[in-house]
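Below: the structure, in structure tokens.
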Amino acid sequence: MVEPGIKTGLNIHIDNPAQLGSDLVAGAVAANAICKKPCIVFDFGTATKATVLDKNGSLIGCLIMHGVKISLEALALHTAQLPHINLEKPSRVIGTNTVESMRSGAVFGAAGMLDGMAERIEDELRQKATVVVTGGLASLIAPYCKRSVTLIPTLNLDGLRLIYQKNQTSDKK
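Residue numbers (full-length UniProt numbering): 1 to 173.
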């Protein structure tokens, strides 16, 4: 379990590091080890998150927003005529039926959000950043991004492995 007191090798510069989710820490540890900085890690899971590493590899902040599937579920639950749908690759941007339109909105919307948020983060950093995507829906979203992104499906697991290695003692009993 990643929790306060665990050695990560990551400098965390946020208001309350104890509130930082272990998934964000693990992804940042891996990105810090393998990616050119500054770096933005977008994690497309239940929630969509972005973690920002500055040019020195310090974690300087995050974004948390609705997940793609949760958004679709909310539409189905809280509107009268929108159905529950399976999330699949959209066939086109402009949908010609309800299901196609919902898929397109979800996938192209998430890709557009990544493009736009990465640009805004870079503006705040005042420099270009490496953009990494991970999480359960990353492979669905990444191909539709206009900007160059690096897909690393195992990023969080890679980070957990690195954290585990940093916390091993030299004596093997």
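Glycine included, every Cβ here is placed at the ideal spot set by N, Cα and C. Only a predicted model underlies this, so the values are computations on that prediction, with no experimental measurement involved.
Contact test: LEU160 Cβ vs the ligand FMN heavy atom, cutoff 7 Å = Because no ligand of any kind appears in the structure shown, any question about the ligand FMN cannot be addressed here.
query = Based on the DSSP secondary-structure assignment, which residues constitute the bridge partners of HIS66?
reply = ALA47
key: GLY21 versus ALA31: straight-line alpha-carbon distance, rounded   = 15 Å
request  = Please go through the region 106-138 and give each complete beta strand (DSSP E) segment of 3 or more residues, from N-terminal end onward.
outcome  = 130-134
inquiry  = Considering Cα atoms alone, identify which of LEU162, PRO143, GLY135 is closest to THR154.
reply    = GLY135
query = Beta-carbon separation of PRO38 and ASP54 under 8 Å?
reply = yes
ask   = Going by beta carbon distance, what residues of the same chain come within less than 6 Å of ILE141, once the five residues before and after it are set aside?
value = PHE44, ALA110, ALA111
query = Using CA coordinates, which residue listed in LEU77, SER104, ILE40 is at the minimum distance from LEU63?
reply = ILE40
DSSP three-state assignment for GLY27, whether helix, strand or coil = helix
task = Quick one: grab the DSSP three-state call for ILE60.
result = strand
key: Test item: CB-CB of VAL68 and ILE85 under 8 Å   = no
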